[in-house]
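Only one structure is covered here, and it is reproduced in the block below.
There are 2 protein chains.
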Amino acid sequence: MTQISSPARFDVCAVGNAIVDVLSPCDDAFLTAQSLVPGSMQLVDADQSAALYDAMAAGVEASGGSAGNTVAGVGSFGGRAAYIGKVAEDTLGQVFTHDIRAAGVHFDTPVLADGAERGFGTGRCLINVTPDAQRTMCTFLGAANQLEPTDIDTALIGDSAIVYLEGYLFDPAPARAAFEAAAAAAHAAGRKVAITLSDTFVVARWRAELLAFIKASADIVLANEGELAALFETDDFDAAAAQLAGIVELAAVTRGADGSVILCGEERVSVAAFPVDKVVDTTGAGDQYAAGFLLGVARGLRLEDASKLGSLAASEVIAHWGPRPMVKLEVLASQSGLTLQA
Amino acid sequence: MTQISSPARFDVCAVGNAIVDVLSPCDDAFLTAQSLVPGSMQLVDADQSAALYDAMAAGVEASGGSAGNTVAGVGSFGGRAAYIGKVAEDTLGQVFTHDIRAAGVHFDTPVLADGAERGFGTGRCLINVTPDAQRTMCTFLGAANQLEPTDIDTALIGDSAIVYLEGYLFDPAPARAAFEAAAAAAHAAGRKVAITLSDTFVVARWRAELLAFIKASADIVLANEGELAALFETDDFDAAAAQLAGIVELAAVTRGADGSVILCGEERVSVAAFPVDKVVDTTGAGDQYAAGFLLGVARGLRLEDASKLGSLAASEVIAHWGPRPMVKLEVLASQSGLTLQA
Numbered sequence: 001m002t003q004i005s006s007p008a009r010f011d012v013c014a015v016g017n018a019i020v021d022v023l024s025p026c027d028d029a030f031l032t033a034q035s036l037v038p039g040s041m042q043l044v045d046a047d048q049s050a051a052l053y054d055a056m057a058a059g060v061e062a063s064g065g066s067a068g069n070t071v072a073g074v075g076s077f078g079g080r081a082a083y084i085g086k087v088a089e090d091t092l093g094q095v096f097t098h099d100i101r102a103a104g105v106h107f108d109t110p111v112l113a114d115g116a117e118r119g120f121g122t123g124r125c126l127i128n129v130t131p132d133a134q135r136t137m138c139t140f141l142g143a144a145n146q147l148e149p150t151d152i153d154t155a156l157i158g159d160s161a162i163v164y165l166e167g168y169l170f171d172p173a174p175a176r177a178a179f180e181a182a183a184a185a186a187h188a189a190g191r192k193v194a195i196t197l198s199d200t201f202v203v204a205r206w207r208a209e210l211l212a213f214i215k216a217s218a219d220i221v222l223a224n225e226g227e228l229a230a231l232f233e234t235d236d237f238d239a240a241a242a243q244l245a246g247i248v249e250l251a252a253v254t255r256g257a258d259g260s261v262i263l264c265g266e267e268r269v270s271v272a273a274f275p276v277d278k279v280v281d282t283t284g285a286g287d288q289y290a291a292g293f294l295l296g297v298a299r300g301l302r303l304e305d306a307s308k309l310g311s312l313a314a315s316e317v318i319a320h321w322g323p324r325p326m327v328k329l330e331v332l333a334s335q336s337g338l339t340l341q342a
Numbered sequence: 343m344t345q346i347s348s349p350a351r352f353d354v355c356a357v358g359n360a361i362v363d364v365l366s367p368c369d370d371a372f373l374t375a376q377s378l379v380p381g382s383m384q385l386v387d388a389d390q391s392a393a394l395y396d397a398m399a400a401g402v403e404a405s406g407g408s409a410g411n412t413v414a415g416v417g418s419f420g421g422r423a424a425y426i427g428k429v430a431e432d433t434l435g436q437v438f439t440h441d442i443r444a445a446g447v448h449f450d451t452p453v454l455a456d457g458a459e460r461g462f463g464t465g466r467c468l469i470n471v472t473p474d475a476q477r478t479m480c481t482f483l484g485a486a487n488q489l490e491p492t493d494i495d496t497a498l499i500g501d502s503a504i505v506y507l508e509g510y511l512f513d514p515a516p517a518r519a520a521f522e523a524a525a526a527a528a529h530a531a532g533r534k535v536a537i538t539l540s541d542t543f544v545v546a547r548w549r550a551e552l553l554a555f556i557k558a559s560a561d562i563v564l565a566n567e568g569e570l571a572a573l574f575e576t577d578d579f580d581a582a583a584a585q586l587a588g589i590v591e592l593a594a595v596t597r598g599a600d601g602s603v604i605l606c607g608e609e610r611v612s613v614a615a616f617p618v619d620k621v622v623d624t625t626g627a628g629d630q631y632a633a634g635f636l637l638g639v640a641r642g643l644r645l646e647d648a649s650k651l652g653s654l655a656a657s658e659v660i661a662h663w664g665p666r667p668m669v670k671l672e673v674l675a676s677q678s679g680l681t682l683q684a
């Protein structure tokens with residue numbers, strides 16, 4: 001299972017919303033006042049984004065985007081990663097491009113040249129982080145939303161062991177078409193297709209479509225327990241896990257501080273979360289888990305070892321502000337005695 | 343000493359280079375390869391800035407600028423602060439303006455409307471942080487450099503207990519003139535003038551001019567021990583401290599992990615650094631020390647208590663990436679039993 005027969009140039013190629021994050025501390029009262037559901041991600045338009053930004057505390061900016069974070073994590077492990085996503089020709093687009101390339105990730109999706117003029121500047125995610133380290137996100141997709149099937153580099157995907165698709169792309173129609181094209185290109189080349197469910201509200205909006213897509217096109221699913229519950233409309237974890245395992249070859253379900261569970265047919269592998277001195281900001285935790293897990297699977301590691309790489313990467317990113325590793329995960333893995341080779 | 347006779351609307355009004363920081367991790371070999379002196383700040387032009395950014399690791403962006411960081415810290419303590427500095431009409435300028443206002447700081451210096459077109463975008467400081475948490479800075483001043491005497495709001499300065507001037511402004515001539523105008527406005531209103539020496543290389547470049555300015559116009563000097571040594575060209579700390587105490591009413595000299603020493607005439611007050619679990623990034627440590635110290639002085643606290651506020655603020659900012667507090671210093675002060683009222 002998950003053995004890739006022919007050598008691939010890249011371990012993971014991700015297709016996602018290219019987004020720069022703005023992270024600010026807030027309290028619960030702020031979320032209430034702004035009518036935000038704690039822990040959720042919602043889409044906002046340019047005016048809503050500007051109004052919320054005005055109200056937010058001072059913060060920090062960092063390249064983000066769920067799948068972008070994941071491939072940056074793969075690069076930080078020393079893995080070979082590529083990314084497909086859309087930015088505009090503006091300052092945030094330069095920041096996104098710099099950061100993902102500086103993480104060692106191949107990225108050459110054409111920029112949306114006239115994006116800023118048409119109101120599609122580089123996507124921005126306003127993230128308010130409460131003292132319990134939980135993030136609540138409002139995303140203005142901008143240029144990210146303009147990803148089209150023609151942006152899918154099928155040769156690149158065909159040369160990647162795993163193509164990783166962001167569930168958030170089920171929202172905008174042209175991007176969802178791009179997403180379908182990417183999955184088709186991967187399978188045509190005999191590669192694996194992974195998808196993350198991304199968010200409980202995404203699952204609620206597109207439940208039937210996601211289930212159909214998983215059954216038809218996905219080999220690997222990543223989800224957290226909330227998203228899993230939403231997908232099968234049950235809070236019974238074991239029942240939902242069994243249903244997921246029945247429709248996909250391999251799945252990894254994260255459970256926050258309780259670690260993660262890998263599902264593979266009848267097999268269940270539970271892996272604990274890595275201990276963290278102080279959790280500061282959970283932004284990117286799931287994305288970094290995916291980085292370690294997918295790299296491990298692409299490299300043919302045992303599922304438990306792949307999952308441990310995920311837990312390690314998640315523990316690094318939740319100990320500081322921002323959604324991407326600030327130290328080399330390759331070094332952390334070595335210090336923790338984790339291998340990256342099968 | 344340092345009693346302000348008439349009530350002032352603001353505790354501190356700072357005049358500084360309005361800069362957005364880009365912070366990336368690096369190793370010592372990177373600094374060597376880029377011919378950068380560890381721990382220094384140097385000015386670079388737009389092309390040098392772009393070339394260095396291309397070579398830098400993925401990072402985070404955060405509003406910075408030494409004096410800007412300080413007034414953001416004053417605001418975080420619940421103090422009343424104002425800022426004078428120049429940004430362009432671009433994304434980084436919007437970020438700087440948002441963040442400083444979100445910290446509760448009054449900021450209405452006119453933006454440089456045609457800055458971006460003339461090659462004077464908002465200033466950017468590229469900061470490479472080594473694993474020992476030391477920062478090495480390359481600053482493209484851009485719009486910050488275009489601060490002029492007409493930008494100095496003399497009514498605002500006259501209504502501030504202390505005007506705080508950034509030594510970095512000794513570099514660009516028009517900004518230095520603005521700086522002189524600010525000092526004059528403060529004294530005309532019977533207020534105190536504070537200056538930070540900012541950087542050993544600034545001191546080396548402008549030693550005679552800084553000494554003349556301090557003697558003629560400054561009531562309070564902030565420096566670290568390296569800058570103090572450069573100012574008096576001696577590594578004998580006590581001798582240099584005595585010389586500084588001989589030309590200025592009050593001074594605070596920071597000594598990194600060894601805390602700080604306050605100089606006031608013959609009096610010497612030593613205050614320990616606050617313990618920190620793990621030092622991540624020392625960017626902004628001196629700026630936050632200045633925030634606590636100046637607010638304490640403006641409020642008429644005992645020198646030791648003012649210095650403790652400085653140490654507390656510095657301890658918060660060195661424990662995370664970025665130059666400004668990520669939690670309310672007012673809350674930290676309360677938790678540490680430190681008072682903000684005389």
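Which chain is which? The protein sequence lines are V and R, in order. Numbering follows the working numbering, in which position 246 of the first sequence is assigned residue number 246; successive positions increment by one, without gaps. Numbering follows the working numbering, in which position 102 of the second sequence is assigned residue number 444; successive positions increment by one, without gaps. Virtual Cβ for every residue (Gly too), placed ideally from N, Cα, C.
Going by CA-CA distance only, name the one from V/Thr154, V/Phe120, V/Ile127, V/Thr136 that's closest to V/Gln146. By 1-based counting over the first sequence, the position of residue 146 of chain V is 146. Proximity to V/Gln146 across V/Thr154, V/Phe120, V/Ile127, V/Thr136 peaks at V/Phe120, based on C-alpha coordinates.
Within chain V, the residues that R/Val544 reaches when beta carbons sit closer than 7 Å: Walking along the second sequence from the start, residue 544 of chain R turns up at place 202. Chain V residues near R/Val544: none, gap ~26 Å exceeds 7 Å.
Ends of the alpha helix (DSSP H) at V/Gln42? By 1-based counting over the first sequence, the position of residue 42 of chain V is 42. Where V/Gln42 is concerned, there is no enclosing alpha helix (DSSP H), although the beta strand (DSSP E) it sits in stretches over 41 to 43.
What is the rounded straight-line gap between the Cα of R/Ala430 and the Cα of R/Ala627? What you label residue 430 of chain R is simply residue 88 of the second sequence in a count that begins at 1. What you label residue 627 of chain R is simply residue 285 of the second sequence in a count that begins at 1. Rounded to whole angstroms, the separation of the alpha carbons of R/Ala627 and R/Ala430 is 26 Å.
Just the C-alpha distance for V/Met1 and V/Ala298, rounded to the nearest angstrom, thanks. The residue labelled residue 1 of chain V in the question sits at position 1 within the first sequence. The residue labelled residue 298 of chain V in the question sits at position 298 within the first sequence. Here V/Met1 scores only 42 on pLDDT, less than 50, and its place in the model is too uncertain to base an answer on.
Taking the C-alpha atoms as reference points, what is the distance between R/Val563 and V/Val280? Translated into the one-based positions of the second sequence, residue 563 of chain R becomes position 221. Translated into the one-based positions of the first sequence, residue 280 of chain V becomes position 280. It is roughly 35 Å from the alpha-carbon of R/Val563 to the alpha-carbon of V/Val280.
Taking buried to mean at least 16 other C-beta atoms within 10 Å of its own C-beta, is R/Thr464 buried or exposed? The sequence position of residue 464 of chain R within the second sequence is 122, counting from 1. The residue in question, R/Thr464, is buried, as its Cβ has 16 or more Cβ neighbours within 10 Å.
Got a sec: is the Cβ-Cβ distance from R/His662 to anything in chain V below 8 Å? Translated into the one-based positions of the second sequence, residue 662 of chain R becomes position 320. So, interface residue.
Where R/Pro349 and R/Leu643 are concerned, what is the direct C-alpha to C-alpha distance, given to the nearest angstrom? Residue 349 of chain R sits at position 7 when you count from the first residue of the second sequence. Residue 643 of chain R sits at position 301 when you count from the first residue of the second sequence. Each residue's Cα considered, the two are about 15 Å apart.
Express the C-alpha separation of R/Gly410 and R/Val357 in angstroms, rounding to a whole number. Position 15 of the second sequence holds residue 357 of chain R. Position 68 of the second sequence holds residue 410 of chain R. Cα to Cα, R/Val357 sits roughly 8 Å from R/Gly410.
Those residues which DSSP pairs with R/Asp363 across a bridge: For this step, residue 363 of chain R is matched to residue 21 along the second sequence. R/Asp363 pairs with R/Ala404, R/Cys467.
Name, going along the chain, the residues of the stretch 42 to 66 of chain V whose beta-carbon falls closer than 8 Å to a beta-carbon of chain R. Listed by position along the chain: Tyr53, Asp54, Met56, Ala57, Ala58, Gly59, Val60, Glu61, Ala62, Ser63.
By how many angstroms is the C-alpha of R/Gly420 removed from the C-alpha of V/Ala212? Position 212 of the first sequence, counting from 1, holds the residue named residue 212 of chain V. Position 78 of the second sequence, counting from 1, holds the residue named residue 420 of chain R. Near 54 Å, if we compare the C-alpha coordinates of R/Gly420 and V/Ala212.
Residue ranges of each alpha helix (DSSP H) within the stretch 605 to 640 of chain R, 4 or longer: Segments of the alpha helix (DSSP H) lying fully in the stretch 605 to 640 of chain R: 627 to 640.
Give the DSSP bridge partners of V/Ile220, in chain order. In the first sequence, counting from the first residue as 1, residue 220 of chain V sits at position 220. According to DSSP, which records beta bridges pairwise, V/Ile220 is partnered with V/Ala194, V/Leu250.
Selected residue, minimal CA-CA separation from R/Ile537, among R/Val416, R/Ala445, R/Ala565: Taking the second sequence and counting its residues from 1, one reaches residue 537 of chain R at position 195. When only C-alpha atoms are compared, the closest one is R/Ala565.
With 16 other Cβ atoms within 10 Å as the buried cut-off, status of V/Gln288: Working through the first sequence from its first residue, we reach residue 288 of chain V at position 288. Under this definition V/Gln288 is a buried residue.
Listed in chain order, which residues of the stretch 355 to 383 of chain R have Cβ atoms closer than 7 Å to some Cβ of chain V? Residues passing the 7 Å Cβ filter: Pro367.
Neighbouring residues, chain R, relative to V/Val327 (Cβ below 9 Å): For this step, residue 327 of chain V is matched to residue 327 along the first sequence. Simply Pro367, Pro473.
Anyone know if the C-beta pair for V/Val105 and V/Ala72 falls short of 8 Å? Residue 105 of chain V sits at position 105 when you count from the first residue of the first sequence. Residue 72 of chain V sits at position 72 when you count from the first residue of the first sequence. Yes.
Who are the Cβ neighbours of R/Ile346 in its own chain at under 6 Å, not counting the five residues just before and after it? By one-based count along the second sequence, residue 346 of chain R stands at place 4. Bear in mind that a pLDDT of 49 at R/Ile346, under 50, signals an unreliable position, so the number given afterwards is only what the model happens to contain. Same-chain partners within the cutoff: Ala503.
When the cut-off is 8 Å and only beta carbons count, does V/Val95 lie next to chain R? As a first step, residue 95 of chain V must be located in the first sequence, where it is residue number 95. Proximity of V/Val95 to chain R, defined by a Cβ-Cβ separation below 8 Å, is satisfied.
Hey, how far is the Cα of R/Leu511 from the Cα of R/Ala558? By one-based count along the second sequence, residue 511 of chain R stands at place 169. By one-based count along the second sequence, residue 558 of chain R stands at place 216. One C-alpha to the other measures close to 17 Å.
Quick one: residues in its chain with C-beta nearer than 6 Å to the C-beta of V/Ser270, no 5 flanking neighbours on either side, listed in chain order? Start at 1 with the first residue of the first sequence, and residue 270 of chain V comes out as number 270. Contacts found: Val261.
Between the stretch 70 to 103 of chain V and chain R, which residues of the former have a C-beta closer than 8 Å to a C-beta of the latter? Here the close residues are Ala72, Asp90, Thr91, Leu92, Val95, His98, Asp99, Ile100, Ala102, Ala103.
Within 10 angstroms of the Cβ of V/Asp11, are there 16 or more other Cβ atoms? Answer buried if so, exposed if not. Here the question's residue 11 of chain V lines up with position 11 in the first sequence. Classification of V/Asp11: buried, given that the 10 Å Cβ count is 16 or more.
Which class does V/Asp305 belong to by DSSP, given the choice of helix, strand or coil? Looking up residue 305 of chain V in the first sequence gives position 305. Helix, per DSSP.
Could you name the residues that DSSP lists as bridge partners for V/Leu112? Here the question's residue 112 of chain V lines up with position 112 in the first sequence. Beta-bridge partners of V/Leu112 (DSSP): V/Ala88.
Which of helix, strand or coil does DSSP assign to R/Thr481? Working through the second sequence from its first residue, we reach residue 481 of chain R at position 139. Of the three classes helix, strand and coil, the one that applies to R/Thr481 here is strand, per DSSP.
V/Val129 and V/Cys26 look like a contact to me (Cβ under 8 Å); what is the Cβ gap, rounded to whole Å? As a working note, residue 129 of chain V is residue 129 in the first sequence. As a working note, residue 26 of chain V is residue 26 in the first sequence. Indeed they touch by this definition, with Cβ atoms about 7 Å apart.
In terms of DSSP beta bridges, what is R/Leu507 paired with? Residue numbering aside, residue 507 of chain R sits at position 165 when the second sequence is read from its first letter. Per DSSP, R/Val357, R/Ile537.
The alpha helix (DSSP H) enclosing V/Asp28, as first and last residue numbers: Here residue 28 of chain V corresponds to residue number 28 of the first sequence, with the count starting at 1. Residue range 28 to 33 is occupied by the alpha helix (DSSP H) that includes V/Asp28.
Let me see if you follow: with CB-CB separation under 8 Å, is R/Thr456 close to chain V or not? By one-based count along the second sequence, residue 456 of chain R stands at place 114. The displayed chain sequence assigns Asp, not Thr, to residue 456 of chain R. Chain V, which has no Cβ nearer than 8 Å to the Cβ of R/Asp456, makes this no.
With H, G and I counted as helix, E and B as strand and the rest as coil, what does DSSP make of R/His448? In the second sequence, counting from the first residue as 1, residue 448 of chain R sits at position 106. Shown here, R/His448 sits in a strand according to DSSP, grouped into three states.
Note down, in chain order, each residue of its chain lying with its Cβ closer than 8 Å to the Cβ of V/Pro38, except the 5 sequence neighbours on either side. For the purposes of this step, residue 38 of chain V is identified with residue 38 of the first sequence, where counting begins at 1. If we look at V/Pro38 and ignore the five residues flanking it on each side, its Cβ neighbours are Asp28, Leu31, Thr130, Gln134, Thr136.
Taking the C-alpha atoms as reference points, what is the distance between R/Gly509 and R/Gly407? Taking the first residue of the second sequence as 1, we reach residue 509 of chain R at position 167. Taking the first residue of the second sequence as 1, we reach residue 407 of chain R at position 65. For R/Gly509 and R/Gly407, the distance between alpha carbons rounds to 12 Å.
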